[in-house]
Structures are given as C-alpha cells and as structure tokens.
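Working notes for the structure below.
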Amino acid sequence: MSLVEKNTNSETDFAFSEATARDYVTLLKPRVMSLVVFTGLVGLVVAPGHMNPVLAAISILCIAVGAGASGALNMWYDADIDAVMKRTRNRPIPAGILEPNQVLAFGLTLSVFSVITLGLLVNWLSAALLAFTIFFYAVIYTMWLKRSTPQNIVIGGAAGAFPPMIGWAAATGEITLDSTVLFMIIFLWTPPHFWALSLFTTNDYEAAHIPMMPNVKGERSTRLQALFYSLLMAPVGVLPWVLGFAGPVFGAISTLLGVAFVYYAWALWKAEGTTAMIAAARKLFRFSLIYLAAIFAVLLVEALVIKALVAYGVMA
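Residue numbering for the sequence shown is 747 to 1062, as defined by the numbering used here.
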C-alpha cells in the first residue's frame, strides 16, 4: 500500500470519528424525546403524593435517555429504509456520518444506563416498564411490526404511550387504573395522528416498502379507521376528570378538544378529491399535535396548582 493510499484511508477513518454532538443528538430523535419527557413528567406530577425532587429529576432524565436509546436503535435498524425516504435520508447513518455499529453501541449503552439507574435510584417497577418500552419500540415495532403489517402504528403505538405510566410508577411504585387511562389516551391518539401524516407522505413510505395503511388498504380505509380511533379517543380523553384525578377545567377543555378532534377526522373522511383529502389530512395532523399537548398541559397545570394549594394549607 502506498503512503498516499494509507493517508487517504486514515483520513476516511478519522472522518467517521469526527461526528459532532449534534449528530448524536439527532440519533436521540429530540422531537419524539420531548413529547416522551413531557408526558412522563405529567404522569409523575399527576400521581398522588409527593416525590423527592432529586428522585423526580432522575426519573425524568432516565425516561429521556431511554427514549433517546430507542430512537438510536430504531435508526440503527432502519438505516436501509432511512436512506430511501426523503425526510430521513440525512440521518447520521445514511448520510455516512456514523457507522451502524457505532449507533448500535450508543443505543445499547444508553438503554442499559437508563434502566439500571432508574431501578437502583428510584424503583424497579418503573425501570421494568422503561426496559419493556425500549424493547417494544426497538424490537416489536421497529424490527417486526413496521415492515410486516399496516397495523404497525396501532400496535406499535404502545411504545409511545408508556411514558406517563412510567412516570406514575416512579412516583408511586404502582400501576393503577388512572395511569392506564393516561396510557390509553396516547395509545388511541397515535393511529389517527400517524395515519393523517401517512396520507400526505404516501410516496415516501411506498418507496421504502413500508406497509402503511394508505399503501396497503387504500386512502378510504385509512380515513375511516382514523375516524374510528378518533371516536374512541375523544371520550377516553375525558376520563381523568370522570375518574376524579383531574378537575372540571380539564373536563371542559378535554371535551371541547375531543369534539374538535372528531370534527377534523370527520372532515377528512368526507373530503372529496386528492387535494381536499390532503388538505384535510394536514389539518388533522396539526390539530392532533395541539390536542395531545393541550390535554397533558392542562393535566400538569391542574396538578401543580392543586398540590401547591394543599402545601400551603388552602386545600385539605
């Protein structure tokens, strides 16, 4: 091997090691992580009782790291389809910034760190739930469901629904009906949210050979199922008030938001023509983000206000 060839290879190897902190942050899927952290925090705060602030911070950190680990493992396994899809082709592996083995090691390290830390410092129930969530997203959803069935989002949505249950378990050491309701809100929200997205990104999924509902069952079936899940989700979204762990403000806001969600899903179902259908899908997708953020934000604010009033002796 000539000196020139050796130097060239060294430069290539060095280039792979020069990934920036931003590239590693990208592996964590920060947008998804922010939602996971937020819903996990709500579960922790809404749970009865008071948690040591340091342990609460550790719990949220572990949930965040576990979510990031799931994202990294997803990018490791999905590197082939990421290279095909327009919105993912610039991720670190298909862009040639990081090698697959580096990403795999990164994801596994974060997984072990987050689960062990949560178990040792908080409790093992929340750690077990976090471990199962990472496994479910990385193995059940990413490696199996995503490429094999148009119901991938329905079943795989459980992974994104566990964080509030993990937060609740971290605070109380229990899984209750109340925490299960928080899980169900996100679980039922996921299909209409992602199917609305898939209706205006169909070509991307088709090019990657991912069996999303519009590609396999058609747009009409997708729109009908989005409406069906919206009708299921709307009343479940009000259950925190019905069950008594949220107040009347939440009851009123969640009811209005649920009605609006169903309206947008109905408008998508009734839309005629491709242009109108895509416009309706975009509106439902955008509103779905507002819905979930608002539902959990109101829960969080109410819980903080009530706990503050109790702490100052205003409420018993």
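All residues carry an ideal CB built from backbone N, CA and C; glycine is no exception.
Asked: When you compare the CB positions of Ala905 and Ile827, do they come within less than 7 Å of one another, or not?; Found: no
Asked: What are the boundary residues of the alpha helix (DSSP H) that Ile862 is part of?; Found: 846-867
Asked: Smallest Cα separation from Phe929: which of Ala998, Ala1049, Ile1041?; Found: Ile1041
Asked: Alpha carbon to alpha carbon, how far is Leu871 from Glu920? Give it in angstroms, no decimals.; Found: 7 Å
Asked: Could you tell me if Trp890 is buried or exposed, where buried requires 16 or more neighbouring beta carbons within 10 angstroms of its beta carbon?; Found: exposed
Asked: According to DSSP, is Thr834 helix, strand or coil?; Found: coil
Asked: Less than 7 Å separating the beta-carbons of Gly786 and Pro909?; Found: yes
Asked: Can you tell me which of the three DSSP states Phe974 falls into?; Found: helix
Asked: Nearest to Pro776 by alpha carbon, out of Ser816, Glu965, Pro794, Thr1020?; Found: Ser816
Asked: Answer yes if the segment 932-944 comes into contact with the segment 976-992, meaning at least three C-beta pairs across the two stretches below 8 Å, and no otherwise.; Found: yes
Asked: Could you have a look at Ala878 and say whether DSSP puts it in helix, strand or coil?; Found: The residue you asked about is not Ala; residue 878 is Phe in the sequence shown. The answer is helix: DSSP assigns Phe878 an H, G or I state.
Asked: Since Ile901 is in the alpha helix (DSSP H), which residue starts that stretch and which ends it?; Found: 898-907
Asked: On the criterion of 16 or more Cβ atoms from any shown chain inside 10 Å, does Gly964 qualify as buried, or is it exposed?; Found: exposed
Asked: From this set, Ala917, Met821, Phe1007, Leu867, which residue's C-alpha is nearest Phe1031's C-alpha?; Found: Phe1007
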